[in-house]
Structures are given as structure tokens and as C-alpha cells.
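**Student:** Before I ask anything, here is the structure I am working with.
2 protein chains.
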Amino acid sequence: MNGLHLTADLSGVDPALPPMTDPAALAALCRDAIAASGLSGVAELFHRFAPEDAQSGITGVVLLAESHVAVHTWPELGGVTLDVYVCNYGSDNSARAEALLDALLKAFAPCDAAVQRLTRAAASTPRQ
Amino acid sequence: MNGLHLTADLSGVDPALPPMTDPAALAALCRDAIAASGLSGVAELFHRFAPEDAQSGITGVVLLAESHVAVHTWPELGGVTLDVYVCNYGSDNSARAEALLDALLKAFAPCDAAVQRLTRAAASTPRQ
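Just so you know, the sequences run in chain order A and B. The numbers in the numbering used here rise by one with no breaks, and the one at position 123 of the first sequence is 110. The numbers in the numbering used here rise by one with no breaks, and the one at position 95 of the second sequence is 82.
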């Protein structure tokens, strides 16, 4: 399956931003950014780590028809990691993936973001 | 946040393997492999695409205390994609991530697996 996997490792994010510690705010951010990008969410899961204070982050994922988006927040460090992975089956979703990552980066407004782009593809070995 | 992200794109997987089309079987496989590797699952979500026949795959994720595991199956193509992403905060989880990926690869027994290893790290820019 050919695909594009974008990762971004953010630093210097304001820990007071609601999506850093509020699962509902992070879910809404992801949902809106996915819809705006033209990708399709099919299910979502957001987990808040205990204790639920300003030091505890969220780990969450939205499963897409096109693969997945994952977000982990580290309010105590001002850090966030983002994954946007899309398969390119039927149509090329690369531009949608880039638009989604851009929207998430804009929302978190980090001082710095280390972005990597990974082309994914299986060998075309048919099963014997 | 320093971390290790392993991706594997599998081809030539037997579509009759239960984890290819049965969400409960895939969830059990992930749960067992995570436990054996020494990582810690905190929540999970598995979605079966419609129609629920031999041609429809599963997309799923287990959120870890250490980040996440994601699996997408494509029974119609004999394909599977795997992600194992661990942060190395507090301790180095790289060996556990490799063990988990090995266990999943062994279970899916592909004809071919394209494995990539991505070192993830944010710049250490403190927020001003």
C-alpha cells in the first residue's frame, strides 16, 4: 500500500492552549482540521493521563478512511507530537495530508517543529 | 520528545488469518504482543470497514503510555501496515518497540515487509 506519513515533533507550545489538556478541545480541533482537509474520520479515541492536572497530557487518535491521525501532548514540556498517515489507494491524498498537518501546526503554534515526510510502500510481492 | 517510530508495510499476508478481518482477533493479537514486549496499553479502538466481508479490512490503534501502535489491514490485497511509536521519556523503550514489531511481523507472516526506523526528536527550543 503506497502512502505518505508525515510526522511533526513540536516544542515551545503554550501549555495553556485548551487542546493541550482538554480531550474535548483536542478532539474538536482534529475533527475540524480533518473535515477542512477533505479527509474522512471514521472513529476517534482520546485518552487523558492521570492525574488530570495542568501537567498531564492527552494521547489521541482519529482513524481515517485513509489511515490515521495521532496526537500526543506534553503540557509539562510544551511539546506535541503529530502523525498524519494517508494511504494513496484510489486517489492521491498527499495534498490533503499536508493541509491537515498545516492546520494542526497552525493551531498549536509551536516555537519549533521538526517535520519528517516518510514515503511508505510495500514490495509488490504477490502471495504465492 | 525523543522517540523511535517503526513502520512496516507488509505484502503477501494470508487474508484468511483472523486478525485480517476480525477486530477481536486483531485486538487480542495487539494486546498480547504489547504485554509481551513490556509496553503498556491504556486504551484501544478497532474499526471494521463496511461491508463486513472477506474484502473489508480493519483499522485499529492501541494507545500506549509510551505513545501508540496502529495497524491497518487490507485483506483484498494481502497487505498490512504497522506503526509502533514509542517515546523515550524516562527510559529507553527502543528495544521494547523492536520486540513488539517483531511479534506483529511474526503473527502476520508476510512474504515481504518494508521496515523503516524513524528517530523522532523536537528541537530543544524552550518557550519564551
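For each residue, glycine too, the CB sits at the ideal point set by N, CA and C.
Are the C-beta atoms of Arg107 (chain B) and some chain A residue less than 8 Å apart?
**Tutor:** Interface residue, yes.
**Student:** Say whether chain A places a C-beta atom closer than 8 Å to the C-beta of Leu64 (chain B).
**Tutor:** For Leu64 (chain B), the answer is yes, since a Cβ of chain A falls inside 8 Å of its Cβ.
**Student:** Could you confirm whether any beta carbon from chain A is found closer than 8 Å to the beta carbon of Val71 (chain B)?
**Tutor:** It does not: the Cβ of Val71 (chain B) has no partner Cβ on chain A nearer than 8 Å.
**Student:** State the Cα-Cα distance for the pair Leu51 (chain B) and Gly77 (chain A), rounded to the nearest angstrom.
**Tutor:** Their Cα atoms are separated by approximately 31 Å.
**Student:** Chain B partners of Asp40 (chain A), CB-CB under 8 Å?
**Tutor:** Within 8 Å Cβ-Cβ: nothing; Asp40 (chain A) doesn't reach chain B, min ~17 Å.
**Student:** Between the C-alpha atoms of Pro6 (chain A) and Phe33 (chain A), what's the straight-line distance to the nearest angstrom?
**Tutor:** Roughly 11 Å between the two C-alpha positions.
**Student:** Less than 8 Å between CB atoms is the rule here; does Ala86 (chain B) satisfy it with respect to chain A?
**Tutor:** Not an interface residue.
**Student:** By Cβ distance below 8 Å, which residues in the same chain neighbour Ile21 (chain B) in space, the five residues on each side in sequence not counted?
**Tutor:** The residues are Ser27, Gly28, Val49, Leu51, Val56, Leu87.
**Student:** Touching or not, the stretch -4 to 3 of chain B and the stretch 10 to 20 of chain A, by the rule of three or more beta carbon pairs under 8 Å?
**Tutor:** No: fewer than three Cβ pairs fall under 8 Å.
**Student:** Determine the DSSP secondary structure at Asp(-4) (chain B), reduced to helix, strand or coil.
**Tutor:** Residue state, collapsed to three classes: strand.
**Student:** Tell me where the beta strand (DSSP E) around Cys74 (chain B) begins and ends.
**Tutor:** Its beta strand (DSSP E) spans residues 66 to 74.
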